[in-house]
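Heads up: the structure comes next, in structure tokens.
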Amino acid sequence: MVKSKEKEEEKNKSSNQAIYITISEDNIEISEKKPDLENEKRYIVLDFQSGERKVFLITDEQLIIKKIREKMPEIFLEEKYEGMKEMLLFLTHEIKNPLFALTTRIISLDIDKEKMKPIKSLLDRVNSIFDNITIFIKGKTANLKKENVESIIEESIKEIEEIKDETFSYDFEIKREYRSDKIFIKGDRFLLKRAFLNIIMNSAESLEKSKNKVIEVKTYDEGNFIKCEFSDTGCGIPENIKQKIFIPFFTTKTKGMGLGMSTVKKIIELHNGKIDVESEEGKGTKVTILLPSYE
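Residues in the sequence shown are numbered from 2 upward in steps of one, following our numbering.
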């Protein structure tokens, strides 16, 4: 009876212990003690049940992005890797669906909104990565309808302002100058919102070391076209880099997969529009988009 009780206690003790698997660039560590992470925000933690024990898989998100980025160009340049595209789309679909359900569930919970901001910010960031991957690989057909371009821009700005405090360690201002509240285009709301989000996020990230942190958004009615300008007072883009910003998977950032501006270009082309980037290192960048107006 005593032995049986001891076995039960040992079993309970074992089931209460967790296993931590930490994956780094050149090592895999397995421990029953939670590792001391240098900067927890940088790490992705996945937990699952293995028998009676909880297992935590921990890895640096930048390591994952780096490994994907190293392989992606060769995968997409050769036709024989067509199956890899399908696999990536499948994985994106399999992860994004529960992610969407989780985000919806979090929003509906009666929990302090401030406490939920970091979680929602993370989910939004992961979701945006999947959106960019899907648009880039699939070459989604634009569902063109009559849309107010300024309301799409406003939605994009609102989304960024909601996650600003959790995403950036500095504050910045977004100024708007709209010429009319009746500027309509032939557009796909979902795709254009993704494009505008990518552009504004790039501008926001470029402001880190600027004294005057400002993003300006302007719209103009050019007759057959609607012009949208996104300018910032950020670090600017070096001339030798500017020629490469639309190349898929090219990036000078430590974060991201390098799909942001290539996705933007793809979206604008789907709208029969044009995109131009002017930039001066140390002074800022201006992205100009022309979209066909609604006739």
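By construction, the Cβ of each residue, glycine as well, lies at the ideal position given by its N, Cα and C atoms. Fair warning: this is a prediction, and the values are worked out from it, not measured in the lab.
For Ser-294, three-class secondary structure by DSSP | strand
Residues in its own chain within less than 8 Å of Lys-176 by CB, not counting five upstream and five downstream?
-> Val-215, Ile-216, Glu-217, Val-218
Using a Cβ-Cβ cut-off of 8 Å (strictly less than) and excluding sequence neighbours within five positions of Leu-78, which residues of its own chain qualify?
-> At Leu-78, the pLDDT of 48 sits below 50, so the modelled position is not reliable and the matter cannot be decided from this model.
So is Ser-170 buried or exposed if we call it buried at 16+ other beta carbons inside 10 Å?
-> exposed
Could you tell me which residues DSSP pairs with Ser-280 in its beta bridges?
-> Thr-286
Which residue from Tyr-179, Lys-267, Ser-157, Lys-187 puts its Cα closest to that of Ile-201?
-> Ser-157
Residues that Cys-229 bridges to, as DSSP identifies them | Thr-220, Ile-290
Figure out for me which residue from Phe-185, Ile-153, Phe-173 has the closest Cα to the Cα of Glu-162.
-> Phe-173
What residue range is occupied by the uninterrupted beta strand (DSSP E) comprising Glu-174?
-> For Glu-174, the enclosing beta strand (DSSP E) starts and ends at 174 to 178.
State the Cα-Cα distance for the pair Ile-282 and Ala-19, rounded to the nearest angstrom.
-> Note that residue 282 is Glu in the sequence shown here, rather than Ile. Glu-282 and Ala-19: Cα-Cα distance of roughly 49 Å.
Can you tell me which of the three DSSP states Leu-78 falls into?
-> Caution applies to Leu-78, whose pLDDT of 48 falls short of 50 and renders its modelled position unreliable; the value that the coordinates give is listed next. Reduced to three states, the DSSP call for Leu-78 is helix.
Where Glu-33 sits in the DSSP three-state scheme = coil
Closest to Glu-296 by CA distance: which of Glu-230, Glu-223, Leu-198 is it?
-> Glu-223
Taking C-beta to C-beta, are Leu-271 and Lys-228 nearer than 8 Å?
-> no
By a C-beta neighbour count over all protein chains shown, 10 Å radius and 16 as the cutoff for buried, is Asn-203 buried or exposed?
-> Around the beta carbon of Asn-203, 16 or more other beta carbons lie within 10 angstroms, which makes this residue buried.
From Gly-261, Glu-160, Ile-186, Val-265, pick the residue whose C-alpha is nearest to that of Lys-147; which is it?
-> Ile-186
Is Gln-50 helix, strand or coil by DSSP?
-> Low per-residue confidence applies at Gln-50: pLDDT is 48, beneath 50, and the placement is therefore not dependable, though the value from the model is reported in the following sentence. In this structure, Gln-50 counts as strand in the three-state DSSP scheme.
Do you know offhand how far Thr-286's Cα is from Lys-212's?
-> Distance between the alpha carbons of Thr-286 and Lys-212: 15 Å.
Give the range of the alpha helix (DSSP H) segment to which Phe-197 is assigned.
-> 190 to 207
According to DSSP, is Ile-186 helix, strand or coil?
-> strand
Under the rule that 16 or more other beta-carbon atoms within 10 Å means buried, what is Phe-197, buried or exposed?
-> buried
DSSP puts Glu-240 in a beta bridge; with which residues?
-> Per DSSP, none; premise fails for Glu-240.
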